[in-house]
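Participant:
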Amino acid sequence: MKKAFPILGVLTAVLLIYALYMALVWAPTEKTMGNVQRIFYYHVPSAWTAFILFFVNFVASVLYLIKRKPAADIVALVSAEVGVVFCTVVLVTGPIWARPVWGIWWTWDMRLTSTLVLWLIYVSYLFLRRFSSSGQTPTLAAALAVLGALCVPFVYFSIWFFRTQHPQPVMGGGGSIDPRMLHVLLINWLAFSCFAFLVCWSRYRLEKLQRDVDHAHALASLLDPRGSGR
Amino acid sequence: MSGNGYLFAAYAVTWIIHIAYLGTIVRRYSRLQREIEELKKPGVKS
Chain A
222 MKKAFPILGV LTAVLLIYAL YMALVWAPTE KTMGNVQRIF YYHVPSAWTA FILFFVNFVA
282 SVLYLIKRKP AADIVALVSA EVGVVFCTVV LVTGPIWARP VWGIWWTWDM RLTSTLVLWL
342 IYVSYLFLRR FSSSGQTPTL AAALAVLGAL CVPFVYFSIW FFRTQHPQPV MGGGGSIDPR
402 MLHVLLINWL AFSCFAFLVC WSRYRLEKLQ RDVDHAHALA SLLDPRGSGR
Chain B
12 MSGNGYLFAA YAVTWIIHIA YLGTIVRRYS RLQREIEELK KPGVKS
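The listed protein sequences correspond, in order, to chains A and B. If you read the first sequence in this note's numbering, its first letter stands for residue 222, the second for the next number, and so on. If you read the second sequence in this note's numbering, its first letter stands for residue 12, the second for the next number, and so on.
(1) Pairs of beta-carbons, one from the segment 243-254 of chain A and one from the segment 379-390 of chain A, closer than 8 Å: are there three or more?
(2) What does a CB cutoff of less than 7 Å around Ser57 of chain B pick up in its chain, not counting 5 residues either side in sequence?
(3) According to DSSP, is Gly34 of chain B part of a helix, a strand, or is it coil?
(4) What in chain A is Cβ-close to Arg39 of chain B, meaning under 8 Å?
(5) Please determine if the segment 362-381 of chain A and the segment 330-345 of chain A are in contact, where contact requires at least 3 C-beta pairs separated by less than 8 Å.
(6) Three-state secondary structure (DSSP) at Gly324 of chain A?
(7) Trp318 of chain A versus chain B: which residues are under 8 Å apart at the beta carbon?
(8) Using a Cβ-Cβ cut-off of 6 Å (strictly less than) and excluding sequence neighbours within five positions of Pro266 of chain A, which residues of its own chain qualify?
(9) Pull up the CB-CB distance for Tyr263 of chain A and Pro359 of chain A, whole angstroms please, since I reckon it's below 8 Å.
(10) Is DSSP giving Gly255 of chain A helix, strand or coil here?
(11) Answer with buried or exposed for Arg451 of chain A, where buried requires no fewer than 16 other C-beta atoms within 10 angstroms of its C-beta.
(12) So the alpha helix (DSSP H) His264 of chain A belongs to, where does it begin and stop?
(13) Name, going along the chain, the residues of the segment 27-38 of chain B whose beta-carbon falls closer than 8 Å to a beta-carbon of chain A.
(14) Helix or strand or just coil, what does DSSP make of Ile295 of chain A?
(15) Is Gly356 of chain A helix, strand or coil by DSSP?
(16) At a Cβ threshold of 8 Å, is Ser57 of chain B touching chain A?
(17) I'd like to know whether the C-beta atoms of Leu365 of chain A and Tyr346 of chain A end up nearer to each other than 8 Å.
(18) Look up Pro316 of chain A in the DSSP assignment and say whether it is helix, strand or coil.
Structure below.
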């Protein structure tokens with residue numbers, strides 16, 4: 222497993238560079254928006270990756286509530302953290318695209334607002350994990366994650382339920398996309414998914430190590446209450 | 012700002028966010044390594 226990480230790291234780096242080349246050079250220029258449309262190759266894959274990570278967080282949280290396994294709790298924490306990073310990318314790149322295309326940075330459209338609410342829910346989840354020292358924190362966080370996950374389909378389908386300014390979805394939305402653009406989009410999604418997986422893996426190892434160290438500190442405090450504990 | 016400027020800004024900010032997050036992981040890992048070294052010092056039982 223230790224050898225797999227650097228190999229996957231190099232492969233992911235190559236894939237990300239290739240995806241960047243495809244997005245900036247190979248993909249055709251859109252007729253009305255021009256080069257600004259290429260923001261879509263980072264914005265949409267980041268959104269899909271964030272949704273998948275929030276789904277992983279949901280599954281891990283349900284598993285934790287049922288089986289109380291620490292590994293499920295770690296997976297839930299890690300996927301929420303990395304999901305928030307990708308959701309932040311979505312919330313930042315969206316307005317950068319909207320300014321030249323819509324003429325405004327932000328509008329309180331249902332898709333945009335629900336994405337912001339989703340981000341706030343998972344930031345609250347991370348704040349709860351970070352600042353609560355109660356033994357019940359993983360359980361409370363898991364319950365919050367289950368409720369937060371309900372927001373994900375709402376964000377995704379808000380385009381169908383409400384009249385919004387946001388463009389229709391690439392797949393399943395009834396619109397059409399140039400096959401070359403779809404190809405570049407899927408390559409970028411694959412690259413960002415591999416990147417997210419590697420980041421989650423390293424963050425999982427870090428969290429597990431942190432818990433082992435905390436456990437060792439607790440043991441040291443028990444053995445030598447005056448000197449060795451934190 | 013031109014269309015290319017917005018495109019550059021979006022791509023740059025994406026990587027700034029990811030690199031900043033990776034930086035926090037590296038910093039936390041370094042702090043943890045120091046804690047492990049402290050625990051390994053003689054006289055600290057674990």
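Heads up, the beta-carbon is just placed ideally off N, CA and C, and yes, glycines get one too. On a predicted model such as this, the values are computed, not experimentally measured, just so you know.
Facilitator: Quick answer:
(1) no
(2) Residue placement at Ser57 of chain B is poorly supported in this model, since its pLDDT is 46, which falls under 50; the coordinates still yield a value, given next. Same-chain partners within the cutoff: Leu50.
(3) helix
(4) Leu427, Gln431
(5) yes
(6) coil
(7) Tyr17, Ala21
(8) Asn409, Trp410, Phe413
(9) About 33 Å separates the two Cβ atoms, so there is no contact after all.
(10) strand
(11) In this predicted model, Arg451 of chain A has a pLDDT of only 48, less than 50, meaning its place in the structure is not dependable; the value taken from the coordinates is given anyway. Exposed is the call here.
(12) 261-288
(13) Ile28, His29, Tyr32, Leu33, Ile36
(14) helix
(15) coil
(16) Any reading at Ser57 of chain B is ruled out, since the residue's pLDDT is 46, under 50, leaving its predicted position unreliable.
(17) yes
(18) helix
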